[in-house]
Amino acid sequence: MSALQFHAGLTARAVIIALIVALPLAVVSYWWRPLTGPILALSGILYTIPSLALLALVAPAVGTTSDTSVLIALVLYALLVLVRNALAGLTQVPAEVRDAAAGMGYGRLGRLWRIELPLALPGILTGLRLATVSTVALVTVGSLIGKGGLGEMILGGFRNNFYKAEIMTGTILCVGLALVLDLALAGLGRLLTPWARERAA
Numbered sequence: 001m002s003a004l005q006f007h008a009g010l011t012a013r014a015v016i017i018a019l020i021v022a023l024p025l026a027v028v029s030y031w032w033r034p035l036t037g038p039i040l041a042l043s044g045i046l047y048t049i050p051s052l053a054l055l056a057l058v059a060p061a062v063g064t065t066s067d068t069s070v071l072i073a074l075v076l077y078a079l080l081v082l083v084r085n086a087l088a089g090l091t092q093v094p095a096e097v098r099d100a101a102a103g104m105g106y107g108r109l110g111r112l113w114r115i116e117l118p119l120a121l122p123g124i125l126t127g128l129r130l131a132t133v134s135t136v137a138l139v140t141v142g143s144l145i146g147k148g149g150l151g152e153m154i155l156g157g158f159r160n161n162f163y164k165a166e167i168m169t170g171t172i173l174c175v176g177l178a179l180v181l182d183l184a185l186a187g188l189g190r191l192l193t194p195w196a197r198e199r200a201a
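Here the sequence shown is numbered in full-length UniProt numbering, starting from 1 and rising by one per residue.
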């Protein structure tokens, strides 16, 4: 149970921090289009670094006695998915809606907060769901430094003469956690975007 709690807690912290970083980056890309390419390229490069290599680079700098190195790696991996989907959601806001908001006297910041971000929520939540599910899987890599949550059960099973019960328990709990979090975020999305439900109906 402690492994499951650690796994869920580390996932939540990583995704929340990544979202806090990704949303401003998406807004900057949206407002200043020449920066879109460099921002997406940088986050894409970070995403392509193999997880073991990234952990090996980060761990010596921040130490392996805490979960900070794993947290940093997870945040960097989640950025690309979150930035891309948030930017896609913002760019899909109809131009006539932006023009109408400007005609009503909304400034750039007011238009973003009151009009564009709410309408971009479906895209942002899609990215949040994808980032959460992938982060649940990536947490297991932290087992190499003893900070992998359920991954430690899986790795322990392999070390213990391929003890299948331990491996299966860790795997099932990991998949179950990803499914529960995805369903929770899907439900949250339905609550926050009732207009999307009505449009689909």
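Virtual Cβ for every residue (Gly too), placed ideally from N, Cα, C.
No experiment lies behind these values; they were computed from the predicted model shown.
Between the Cα of residue i and the Cα atoms of the options, which residue gives the shortest distance?
i, options, result
"A12", "R129, N161, S143 and L155", "R129"
"L121", "G107, A178, R33 and L185", "L185"
"V97", "I16, R111, Q5 and D182", "R111"
"I145", "L117, G63, T91 and A18", "G63"
"R55", "T68, L35 and L173", "The sequence given here has Leu at residue 55, not Arg. Selected option, being the one with the closest Cα: T68."
"A78", "A131, L4 and G9", "A131"
"A86", "E166, I39 and R159", "I39"
"R33", "L4, Q5, A53 and L90", "L90"
"A14", "S134, G37 and L109", "S134"
"I45", "I16, E116, T169 and L80", "L80"
"V21", "P60, R84, S143 and V70", "R84"
"G127", "A61, A18, I167 and K147", "A18"
"V70", "G9, L125, Y106 and S43", "G9"
"I124", "G148, V93, A100 and G156", "V93"
"G148", "A88, S51, L42 and L109", "S51"
"P118", "L191, G176 and A61", "L191"
"Q5", "L177, L183, P194 and L188", "L177"
Pick helix, strand or coil for residue i, following the three-state DSSP scheme.
i, result
"F158", "helix"
"G110", "helix"
"T193", "coil"
"G149", "coil"
"G187", "helix"
"G170", "helix"
"G105", "coil"
| field | Any alpha helix (DSSP H) of 4 or more consecutive residues that is wholly inside the stretch 28-100 | value | 36-48, 51-62 and 68-91
| task | Examine the Cβ distances between the stretch 138-155 and the stretch 58-76 and report whether three or more of them are shorter than 8 angstroms. | result | yes
| said: Contact between the stretch 159-175 and the stretch 21-35 is defined here as three or more beta-carbon pairs at a separation below 8 angstroms; is this criterion met? | reply: no
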